[in-house]
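**Student:**
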Amino acid sequence: MRAFLSVLTPLLVLLWLDRLDLVAGAVFGALTSVYCRSEPYRNQTRSLAAVAAGMVVAVGVGDAIALADVAPWQHRLLVVTGTAVVGALATAATTAVKLGAPGGLIFSFATGACANLAITPAEVAPHLAVCAVSGAFAWIVCVTGAMFAGLRPQRRAVAAALEATAAYLSDRSDVLARHRSAVAVETAWARLALVGRRQRDTEEHSELIQTAEICEVLGASGRAASETVRSLRETATRIRAGESPGSPGYARQESAAVPALPPSRWHTIREVLLAAVRPGRGSGSWLWPFAARVGVAALLAGLLADLLDIGHIYWAGVSAVSVLQATSTSRSVPRMLQRVAGTLGGVLIGLALLSTHPAVWVLILLLAALQWGAELTVTVNYAFGLLFATPVALLVSGLMTPDTPAQLASSRLWATLLGAAVAVLVAWLSPHGAWLARLRGSLARVRELTELPRSDPERLRKALIELHDAYETAAGEVPESQLPTEELLAVSRRAYKLLDTGGLLGQPRS
1 MRAFLSVLTP LLVLLWLDRL DLVAGAVFGA LTSVYCRSEP YRNQTRSLAA
51 VAAGMVVAVG VGDAIALADV APWQHRLLVV TGTAVVGALA TAATTAVKLG
101 APGGLIFSFA TGACANLAIT PAEVAPHLAV CAVSGAFAWI VCVTGAMFAG
151 LRPQRRAVAA ALEATAAYLS DRSDVLARHR SAVAVETAWA RLALVGRRQR
201 DTEEHSELIQ TAEICEVLGA SGRAASETVR SLRETATRIR AGESPGSPGY
251 ARQESAAVPA LPPSRWHTIR EVLLAAVRPG RGSGSWLWPF AARVGVAALL
301 AGLLADLLDI GHIYWAGVSA VSVLQATSTS RSVPRMLQRV AGTLGGVLIG
351 LALLSTHPAV WVLILLLAAL QWGAELTVTV NYAFGLLFAT PVALLVSGLM
401 TPDTPAQLAS SRLWATLLGA AVAVLVAWLS PHGAWLARLR GSLARVRELT
451 ELPRSDPERL RKALIELHDA YETAAGEVPE SQLPTEELLA VSRRAYKLLD
501 TGGLLGQPRS
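Structural data, given as structure tokens:
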């Protein structure tokens with residue numbers, strides 16, 4: 001419901017004030033609510049504030065382009081360039097901090113849409129103010145909802161850790177299953193640390209901590225009876241249903257230690273900035289070639305849309321940005337197909353709605369309802385989400401431009417198809433050295449840590465997670481023959497053996 005309330009309320013206020021000329025700022029500020037849906041309350045307060053501020057910046061860039069006193073062709077060039085640059089930078093930032101969907105997409109959309117507004121210098125300040133207020137309202141709605149959600153994100157994370165641990169114990173020879181269980185447990189610990197004062201040290205929180213510790217101990221031992229494996233899966237089911245995990249016979253009797261807070265995301269941002277200043281240095285160095293790929297694809301898509309005289313040329317760039325939110329080519333192709341399928345259906349829905357020429361207040365209700373539908377379905381399948389998100393874009397454009405429904409639908413369809421095709425083509429043709437360099441660097445870090453006489457277990461855990469993440473991304477970019485798969489498996493086995501036999505994973509977090 002948070003997307004519904006965040007979108008509906010500011011638009012109704014603007015309708016009441018007869019200031020629908022500011023609708024773009026209100027909509028994009030409200031779309032702050034589509035981020036951080038599954039994050040703990042403590043993370044949402046900071047992350048959503050940063051998203052809202054970023055949205056104001058993206059709208060401000062668009063407004064500045066709209067005010068540019070240049071020739072029409074120069075203005076179109078500024079539009080596609082601004083859309084591409086904002087999309088690239090926002091994608092790099094959201095990927096670096098693992099913000100999740102929709103990544104840099106909405107920021108790019110905000111810049112492109114606002115760059116086409118008929119706006120005067122006197123209207124810029126109110127427009128940005130509305131965006132900021134709308135973003136602040138979305139923040140309040142989301143944070144309030146997160147407070148009422150209690151420990152739901154933590155319960156989901158612990159249930160996932162139980163399931164991953166059970167899967168590994170069912171096939172102990174699979175080092176990748178061992179890694180997936182370790183990642184799930186690490187995620188559960190991070191979630192359990194990020195709780196508010198009201199939930200910290202409650203009975204439910206302590207039970208979840210103890211359950212995560214059980215996953216760690218069993219994963220490290222690599223041994224469990226079939227009854228234990230079945231118990232882990234049953235406990236996961238109970239936790240997802242909101243029930244108590246209980247206290248199995250193999251649980252520790254002492255009080256569970258409250259986990260320490262995970263490192264700040266600003267550390268990751270510093271790594272990315274270091275990579276920008278000193279290419280090839282820092283763990284975030286691969287993100288800049290990734291961002292460049294997004295920017296080039298969006299720019300080419302926008303320029304081609306202009307050459308082909310497709311209306312709303314920024315839509316082509318936004319489509320390219322959307323497809324390339326996936327961090328590898330193998331993931332981008334399915335995303336392209338889903339985007340095309342969802343857009344086809346969404347265009348038909350949007351055309352049908354606009355063709356009825358509904359009253360403005362009806363359009364506003366439809367906008368909020370469709371955004372709610374998109375938020376509910378996009379996690380199930382990207383194409384399903386676009387069945388709702390595409391009409392949202394068309395309805396917003398219907399409020400902002402005098403174009404007919406048929407013109408809007410046609411522009412949206414062809415721009416989306418063009419942008420998706422260009423994105424995949426650019427991904428295929430781009431050099432892949434950065435992905436391999438990241439993988440080799442991660443492999444070297446894990447090997448170095450395993451060879452130290454006294455290695456820090458936390459550093460080794462995080463290095464293993466980074467290694468396998470780098471491998472999964474590289475596997476979608478380069479031929480299998482170029483991947484050091486056997487070396488990765490050997491190094492991972494040695495690292496997990498050191499962690500497990502040393503009893504490091506079984507130690508309570510503090």
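Numbering (full-length UniProt numbering), first residue to last: 1 to 510. C-beta: ideal position from N, C-alpha, C; glycine also.
Which same chain residues, not among the five before or five after Ala3, have their C-beta less than 7 Å away from its C-beta?
**Tutor:** Here residue 3 corresponds to residue number 3 of the sequence shown, with the count starting at 1. Around Ala3: Ser33, Val34, Gln371, Trp372, Glu375.
**Student:** By the three-class DSSP mapping on this structure, what secondary structure does residue 511 have?
**Tutor:** What is shown of the chain runs 1 to 510, which leaves residue 511 out entirely.
**Student:** Roughly how many angstroms lie between the CA atoms of Asn43 and Thr120, to the nearest whole one?
**Tutor:** Taking the sequence shown and counting its residues from 1, the one referred to as residue 43 is at position 43. Taking the sequence shown and counting its residues from 1, the one referred to as residue 120 is at position 120. Between the alpha carbons of Asn43 and Thr120 lies a gap of roughly 38 Å.
**Student:** For Leu505, count neighbouring C-beta atoms within 10 Å of its own C-beta (all shown protein chains included) and say buried if the count is 16 or more, exposed if not.
**Tutor:** By one-based count along the sequence shown, residue 505 stands at place 505. Interpretation of Leu505 is limited by its pLDDT of 40, a score under 50 that renders its predicted location unreliable; the figure taken from the coordinates is listed afterwards. Burial call: buried.
**Student:** Which same chain residues end up closer than 6 Å to Ile106 when comparing Cβ atoms and leaving out the 5 residues on each side of it in sequence?
**Tutor:** Within the sequence shown, the letter at position 106 stands for residue 106. The residues are Leu31.
**Student:** What residue ranges within the stretch 82-114 form continuous alpha helix (DSSP H) runs of no fewer than 4 residues, ordered along the chain?
**Tutor:** 105-114
**Student:** If you draw a straight line from the alpha carbon of Gly280 to that of Gly100, how long is it in whole angstroms?
**Tutor:** In the sequence shown, counting from the first residue as 1, residue 280 sits at position 280. In the sequence shown, counting from the first residue as 1, residue 100 sits at position 100. Since pLDDT at Gly280 reaches only 48, below the 50 mark, its modelled position is unreliable, and the value read off the structure follows with that caveat. Distance between the alpha carbons of Gly280 and Gly100 is about 25 Å.
**Student:** On the DSSP letters alone, give me the boundaries of the alpha helix (DSSP H) that Asp306 sits inside.
**Tutor:** Within the sequence shown, numbered from 1, the residue matching residue 306 stands at position 306. Here the alpha helix (DSSP H) through Asp306 covers 287-307.
**Student:** Compare the beta carbon distance of Leu78 and Ala115 with 8 Å and say whether it is the shorter of the two.
**Tutor:** Numbered from 1 along the sequence shown, position 78 holds the residue referred to as residue 78. Numbered from 1 along the sequence shown, position 115 holds the residue referred to as residue 115. In this structure, the beta-carbon distance from Leu78 to Ala115 falls below 8 Å.
**Student:** Roughly how many angstroms lie between the CA atoms of Leu394 and Val491, to the nearest whole one?
**Tutor:** As a first step, residue 394 is located in the sequence shown; it is residue number 394 there, counting from the start. As a first step, residue 491 is located in the sequence shown; it is residue number 491 there, counting from the start. So the alpha carbons of these two residues sit roughly 51 Å apart.
**Student:** To the nearest whole angstrom, what separates the beta carbons of Gly103 and Thr111, a pair I think is in contact under 8 Å?
**Tutor:** Stepping through the sequence shown from its first residue, residue 103 is reached at position 103. Stepping through the sequence shown from its first residue, residue 111 is reached at position 111. Contact flag wrong, Cβ pair sits at about 14 Å.
**Student:** Compute the Euclidean distance between the alpha carbons of Val396 and Leu367, then round it to the nearest angstrom.
**Tutor:** Walking along the sequence shown from the start, residue 396 turns up at place 396. Walking along the sequence shown from the start, residue 367 turns up at place 367. Their Cα atoms are separated by approximately 8 Å.
**Student:** Using 8 Å as the threshold, is the stretch 56-65 in touch with the stretch 122-134, meaning 3 or more CB pairs across them?
**Tutor:** yes
**Student:** Beta-carbon separation of Gly311 and Ala301 under 8 Å?
**Tutor:** For the purposes of this step, residue 311 is taken as residue 311 along the sequence shown, with counting starting at 1. For the purposes of this step, residue 301 is taken as residue 301 along the sequence shown, with counting starting at 1. Cβ distance not < 8 Å, so Gly311 and Ala301 don't count as in contact.
**Student:** Given a threshold of 16 other Cβ atoms within 10 Å of its Cβ, counted over all protein chains shown, does Glu342 qualify as buried or as exposed?
**Tutor:** By 1-based counting over the sequence shown, the position of residue 342 is 342. Correcting the residue identity first, residue 342 is Gly in this sequence and not Glu. Buried.
**Student:** I need the straight-line Cα distance from Ala224 to Gly87, nearest angstrom please.
**Tutor:** One-based indexing of the sequence shown puts residue 224 at position 224. One-based indexing of the sequence shown puts residue 87 at position 87. Spanning the two alpha carbons is a distance of roughly 48 Å.
**Student:** Run the CB neighbour count on Arg197, radius 10 Å, all protein chains shown included, and call it buried at 16 or more, exposed below.
**Tutor:** As a working mapping, residue 197 is identified with position 197 in the sequence shown. Answer is exposed; the Cβ neighbour count stays below 16.
**Student:** Suppose you measure from the CA of Leu429 to the CA of Tyr314; what does that come to, to the nearest Å?
**Tutor:** Numbered from 1 along the sequence shown, position 429 holds the residue referred to as residue 429. Numbered from 1 along the sequence shown, position 314 holds the residue referred to as residue 314. Looking at the two C-alpha atoms, the distance is approximately 23 Å.
**Student:** From which residue to which residue does the alpha helix (DSSP H) around Gly441 run?
**Tutor:** Locating residue 441 in the sequence shown gives position 441, counting from the first residue. Taken as a continuous stretch (DSSP letters only), the alpha helix (DSSP H) holding Gly441 covers 433-451.
**Student:** Inspect the beta-carbon positions of Ala159 and Thr187 and report whether they are closer than 8 Å.
**Tutor:** Indexing the sequence shown from 1 puts residue 159 at position 159. Indexing the sequence shown from 1 puts residue 187 at position 187. Taking 8 Å as the Cβ cut-off, Ala159 and Thr187 do not qualify as a contacting pair.
**Student:** Helix, strand or coil, according to DSSP, for Gly311 in the structure here?
**Tutor:** Here residue 311 corresponds to residue number 311 of the sequence shown, with the count starting at 1. When DSSP states are grouped into helix, strand and coil, Gly311 belongs to the coil group.
**Student:** When you compare each of Tyr382, Thr91, Phe137, Leu399 to Ala359 by their alpha carbons, which one comes out closest?
**Tutor:** Here the question's residue 359 lines up with position 359 in the sequence shown. Closest by alpha carbon: Leu399.
**Student:** Roughly how many whole angstroms lie between the Cα atoms of Ala182 and Lys497?
**Tutor:** Taking the sequence shown and counting its residues from 1, the one referred to as residue 182 is at position 182. Taking the sequence shown and counting its residues from 1, the one referred to as residue 497 is at position 497. Going by C-alpha positions, Ala182 is about 12 Å away from Lys497.
**Student:** Starting from Ser70 and walking both ways along the alpha helix (DSSP H), at which residues does that stretch end?
**Tutor:** Counting from 1 along the sequence shown, the entry for residue 70 is found at position 70. For clarity, residue 70 is Val in the given sequence; the question names Ser instead. Looking at the DSSP string, Val70 is not in any alpha helix (DSSP H), and its letter there is neither H nor E.
**Student:** Give the DSSP-derived three-state secondary structure of Val51 in the structure shown.
**Tutor:** Here residue 51 corresponds to residue number 51 of the sequence shown, with the count starting at 1. Here Val51 sits in helix by DSSP.
**Student:** May I have a chain-ordered list of the beta strand (DSSP E) segments no shorter than 3 residues that lie completely inside the stretch 314-389?
**Tutor:** Restricting attention to beta strand (DSSP E) runs no shorter than 3 residues, the stretch 314-389 encloses none.
**Student:** What does a CB cutoff of less than 7 Å around Ala305 pick up in its chain, not counting 5 residues either side in sequence?
**Tutor:** If you number the sequence shown from 1, residue 305 lands on position 305. Answer for Ala305: Ile313, Ala316, Ala415, Leu418, listed in chain order.
**Student:** Distance check for Gln482 and Leu439, CA to CA, integer angstroms please.
**Tutor:** Residue 439 sits at position 439 when you count from the first residue of the sequence shown. Residue 482 sits at position 482 when you count from the first residue of the sequence shown. Cα-Cα distance, rounded: 11 Å.
**Student:** Please classify Glu123: does DSSP put it in a helix, a strand, or coil?
**Tutor:** Here residue 123 is taken as the residue at index 123 of the sequence shown, counted from 1. Residue state, collapsed to three classes: helix.
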